[in-house]
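S.K.: All letters in the sequence shown, in the order written, are residues 6 to 268 by this note's numbering. Could you have a look at this structure, given as structure tokens, before my questions?
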Amino acid sequence: MHIAGATVLLTGVTGGIGGSIAAEMSARGADLILTGRRREALEPLAERYGARTILADLADPDDVQRLAEEAAGTDILIANAALPSSGDVLDYTPAQIDRALAVNLRAPAMLARLLAPGMVADGRGHICFVGSLSGLAATRSSSMYTATKFGLRGFSLAFRQDLHGTGVGVSIVQPGFVRELGMFANTGSPTPGGVRTVAPERVVKGVIRAIERDVAEINVAPPELKFLTRIASQFPGFAERVQRLAGADQTVNAIVAAQESSR
Ligand SMILES: NC(=O)c1ccc[n+]([C@@H]2O[C@H](COP(=O)([O-])OP(=O)(O)OC[C@H]3O[C@@H](n4cnc5c(N)ncnc54)[C@H](OP(=O)(O)O)[C@@H]3O)[C@@H](O)[C@H]2O)c1
6 MHIAGATVLL TGVTGGIGGS IAAEMSARGA DLILTGRRRE ALEPLAERYG ARTILADLAD
66 PDDVQRLAEE AAGTDILIAN AALPSSGDVL DYTPAQIDRA LAVNLRAPAM LARLLAPGMV
126 ADGRGHICFV GSLSGLAATR SSSMYTATKF GLRGFSLAFR QDLHGTGVGV SIVQPGFVRE
186 LGMFANTGSP TPGGVRTVAP ERVVKGVIRA IERDVAEINV APPELKFLTR IASQFPGFAE
246 RVQRLAGADQ TVNAIVAAQE SSR
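Structure representation (structure tokens):
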């Protein structure tokens, strides 16, 4: 799918990775529709990129429906917004569980469902989900995040098959820990077990490649982390024991504490 001249709806643009994706999409000549829940954060971005904006809270099903209606004609959906949703699920209220599911899984699936028919009618389009390596392998204190990212991966890979032959591609880009900006870097914590991070530009490149080449799945992480994640996805019981031996509890607890207010 060509990005230049395409209408691109991007969620989560007020966050770290979303901001980087918007800059690159704009540089490549996309016609941007930016969406977020905070007007004061959204408007300066709209001015910078000459973009249309649509205010929407992705935790609210009515807002998601309205967003899709107002963004009709979208050629490329980049569903990037998410909550960190970390911590022990026993500490979650039912409302917090609902919000994690709504923002991280329901909203991207629903936007894809509502925008894909227009793309299919045009015989061209692309849907790119931003997932996480947490969609492949589980780690402690991440039940809700892991559940939503596993779910997003499943949705993406299956929906891609449903749309095969229509001219509309579906991809998922799954980063590991991203440095400098975004929901992990904002915690100010080192990575659990000292695993290496990736630069945000690598995630953006992954998104561009996924869209331009219609790649099913792109994992953006240092090679050793990609390898360990694949092993962990095949042998979860073994991976769980290795993680316990690595003894990263203090670091994980610090990340959870830093993200608690965003549940
Ligand atoms: N950073 C990493 O290390 C990392 C690693 C793997 C995967 N990822 C994935 O990368 C994507 C982007 O993450 P990020 O690191 O850029 O996180 P971020 O800086 O926290 O940004 C998250 C974005 O989601 C938006 N959002 C949250 N709740 C929303 C709601 N109810 N309605 C509308 N928008 C909402 C936020 O809006 P507000 O600005 O209003 O809060 C923000 O724009 C996510 O899918 C994340 O899971 C990130």
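A virtual CB, placed ideally from N, CA and C, is assigned to each residue, including glycine. Predicted model, so just to flag it, every value in this text is computed and none were measured.
Does DSSP put residue 89 in a helix, in a strand, or in coil?
M.R.: By one-based count along the sequence shown, residue 89 stands at place 84. Residue state, collapsed to three classes: coil.
S.K.: Quick check for students: name the residue ranges of the beta strand (DSSP E) that lie wholly in the stretch 189-263, counting only runs of 3 or more.
M.R.: Runs of the beta strand (DSSP E) inside the stretch 189-263: 222-225.
S.K.: Where does residue 28 sit, in a helix, a strand or coil, going by DSSP?
M.R.: As a first step, residue 28 must be located in the sequence shown, where it is residue number 23. Residue state, collapsed to three classes: helix.
S.K.: According to DSSP, is residue 178 helix, strand or coil?
M.R.: As a working mapping, residue 178 is identified with position 173 in the sequence shown. Strand at residue 178.
S.K.: So residue 202 and residue 184 are in contact, right, with Cβ under 8 angstroms, and what is the actual spacing, rounded?
M.R.: On the sequence shown, residue 202 is found 197 positions in, with the first residue counted as 1. On the sequence shown, residue 184 is found 179 positions in, with the first residue counted as 1. Between residue 184 and residue 202 the Cβ distance is about 4 angstroms, and since that is below 8 angstroms, they are a contact.
S.K.: Just checking my contact of residue 79 with residue 37 at CB under 8 angstroms: how many whole Å lie between their CB atoms?
M.R.: The sequence position of residue 79 within the sequence shown is 74, counting from 1. The sequence position of residue 37 within the sequence shown is 32, counting from 1. In fact, because the Cβ distance is near 10 angstroms, the residues do not count as touching under 8 angstroms.
S.K.: Do you know how far the Cα of residue 266 is from the Cα of residue 134?
M.R.: Stepping through the sequence shown from its first residue, residue 134 is reached at position 129. Stepping through the sequence shown from its first residue, residue 266 is reached at position 261. If you take the alpha carbons of residue 134 and residue 266, they lie about 25 angstroms apart.
S.K.: Cα separation between residue 168 and residue 255?
M.R.: The residue you call residue 168 lines up with position 163 of the sequence shown. The residue you call residue 255 lines up with position 250 of the sequence shown. Computed Cα separation, rounded: 44 angstroms.
S.K.: Going by C-alpha to C-alpha distance, which of 65, 259 and 35 sits closest to residue 194?
M.R.: Looking up residue 194 in the sequence shown gives position 189. The candidate whose alpha carbon is nearest that of residue 194 is 259.
S.K.: Compare the Cα-Cα distances from residue 116 to each of 98, 76 and 221 and report the closest residue.
M.R.: Residue 116 sits at position 111 when you count from the first residue of the sequence shown. The candidate whose alpha carbon is nearest that of residue 116 is 76.
S.K.: Cutting at 7 angstroms between CB atoms, please list the residues of its own chain near residue 197, excluding the five before and the five after it.
M.R.: Working through the sequence shown from its first residue, we reach residue 197 at position 192. Closer than 7 angstroms at the Cβ level, and outside the excluded window around residue 197, lie 253, 256 and 257.
S.K.: Looking only at C-alpha atoms, which of 95, 123 and 224 sits nearest to residue 145?
M.R.: Working through the sequence shown from its first residue, we reach residue 145 at position 140. Here the closest residue by C-alpha is 95.
S.K.: Between which two residues does the alpha helix (DSSP H) holding residue 9 run?
M.R.: Indexing the sequence shown from 1 puts residue 9 at position 4. Counting along the chain, residue 9 falls outside any alpha helix (DSSP H), and DSSP gives it neither H nor E.
S.K.: Could you check whether residue 58 and residue 43 sit closer than 8 angstroms to each other, using their CB atoms as the reference points?
M.R.: On the sequence shown, residue 43 is found 38 positions in, with the first residue counted as 1. On the sequence shown, residue 58 is found 53 positions in, with the first residue counted as 1. Result no, Cβ atoms of residue 43 and residue 58 do not sit closer than 8 angstroms.
S.K.: Grab me the residues of residue 220's own chain with a C-beta within less than 7 angstroms of its C-beta, minus the 5 sequence neighbours each way, in chain order.
M.R.: For the purposes of this step, residue 220 is identified with residue 215 of the sequence shown, where counting begins at 1. Only 176 and 214 meet the Cβ criterion.
S.K.: Per DSSP, residue 16 forms a beta bridge with which residues?
M.R.: On the sequence shown, position 11 is the one that residue 16 refers to. Bridge partners of residue 16: 40.
S.K.: Going by C-alpha distance, which of 234, 179 and 190 is nearest residue 210?
M.R.: As a working mapping, residue 210 is identified with position 205 in the sequence shown. Looking at the Cα atoms, 179 is the closest of the given residues.
S.K.: When DSSP labels each residue in this structure, what does residue 107 get in the three-state scheme?
M.R.: Walking along the sequence shown from the start, residue 107 turns up at place 102. Helix, per DSSP.
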